[in-house]
Ligand code: AMP
Ligand code: MG
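In this note's numbering, the protein residues as written are 173 to 513.
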């Protein structure tokens with residue numbers, strides 16, 4: 173299959189938006205820009221189309237997909253009930269980088285929810301994503317548009333690197349602004365729970381819902397056989413080919429650690445660190461700005477492979493605010509290997 177890339181910079185490009193929507197309506201897959209990361213979209217109501225998403229990504233069958241809508245009211249057909257808490261969250265953070273899990277309606281094929289009786293719904297902020305969904309006239313199931321296990325794509329070139337020959341169309345809408353995936357909040361169960369940190373911080377969720385749990389899998393490694401609330405949490409994730417090890421300690425200790433290493437190694441550090449770095453390096457944002465880190469973490473992980481080193485030592489980010497989402501991705505990319513210094 174030949175993969176075509178079309179550039180869409182504005183929603184006035186009606187022909188291009190129609191072209192992407194037509195591929196989706198006909199059961200095809202499209203790489204779509206969103207504010208979080210690029211999605212690999214399929215008609216969520218077309219079982220065969222959704223199955224082909226799992227094939228294109230090599231995604232395990234038990235890892236459910238997020239269903240994307242273009243207006244809030246579209247949620248009503250997709251779930252059994254919309255509780256007050258969901259309305260409140262939506263009012264504050266939709267359109268935006270937050271996904272809400274609710275009991276699914278029968279219209280959602282079980283392949284979308286990987287057999288669960290719940291479904292994850294998101295209303296993205298990205299105008300082009302919403303225009304394509306609106307034009308397609310159906311909800312769009314879209315996981316991140318990377319090969320399963322590798323870092324999520326934050327520009328069209330990264331989608332192409334993973335999906336060339338596997339999907340017919342990629343829409344190039346430029347770099348993603350947030351750079352990490354949406355915050356996944358489940359409202360099924362006694363208390364709201366954050367299953368994955370993302371573009372909306374835990375503090376922001378708590379501001380609306382009050383007491384909210386954070387799933388233990390966010391910062392901890394889960395055994396293969398352990399039951400998890402969010403199936404995606406148990407898989408190796410976001411990992412470049414090069415081994416990543418996280419180094420936890422202050423700036424000076426990190427530099428000392430690097431000075432004492434031998435062999436062919438590199439650094440994954442902050443932009444304000446580079447004057448002190450004597451080995452090959454890639455940067456992921458500024459040390460004091462978690463938003464710049466989230467925007468850059470995935471492309472930095474992809475660049476790590478071009479350093480040509482055996483191991484990359486990564487600086488530990490702040491854990492609060494957006495930092496939690498950055499740390500969650502970094503820990504998975506390093507298979508939870510952390511050295512304390
Ligand atoms: P991705 O598609 O790569 O953004 O991953 C979607 C994430 O949402 C994965 O971690 C899934 O496990 C999670 N997810 C999607 N649907 C559900 C659901 N119904 N219940 C729990 N987690 C879900
Ligand atoms: Mg993903």
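Glycine included, C-beta positions come from ideal geometry on N, C-alpha and C.
DSSP, reduced to helix, strand and coil, places residue 462 within a helical segment of the structure shown. Close CB contacts of residue 286 within its chain, under the 7 Å cut and outside five residues either way in sequence, are with 233, 234, 235, 236, 403 (chain order). Taken through DSSP and simplified to helix, strand or coil, residue 193 comes out as helix. Distance from the C-beta of residue 292 to the nearest heavy atom of the ligand AMP is below 8 Å.
With distances taken between CA atoms, residue 495 lies nearest to 391 out of 391, 189, 476, 410. With the criterion CB distance below 6 Å from any heavy atom of the ligand MG, the matching residues run 315, 316, 324 along the chain. Each residue's CA atom was taken as its position, placing residue 246 and residue 498 some 31 Å apart. Cβ neighbours of residue 331 within its own chain (closer than 6 Å, five residues either side excluded): 203, 210, 317, 325, 342. For residue 235, the Cβ falls inside the 8 Å cut-off from some heavy atom of the ligand AMP. Relative to the ligand AMP, residue 443 has its C-beta separated by 8 Å or more from all heavy atoms. In this structure, residue 277 keeps its C-beta atom at 9 Å or more from the C-beta atom of residue 295. Residues 344 of the same chain have their beta carbon placed closer than 7 Å to that of residue 179, with the five preceding and five following residues left out of the count. Residue 225 holds the alpha-carbon nearest to the alpha-carbon of residue 338 among 225, 194, 302.
Look at the beta carbons and you see the region 480-490 touching the region 417-437: at least three pairs across the two are nearer than 8 Å. Not one heavy atom of the ligand AMP is found less than 8 Å from the C-beta of residue 277. By the criterion of a C-beta distance shorter than 7 Å, residue 258 is surrounded in its chain by 272, 274, 359, once the five residues flanking it on both sides are discounted.
If you draw a straight line from the Cα of residue 181 to the Cα of residue 300, it comes to about 8 Å. Here the C-alpha atom of residue 510 lies approximately 16 Å from the C-alpha atom of residue 438.
Nearest to residue 467 by C-alpha distance, out of 378, 188, 327, 452, is 327.
When rounded, the separation of the alpha-carbon atoms in residue 230 and residue 190 is 28 Å.
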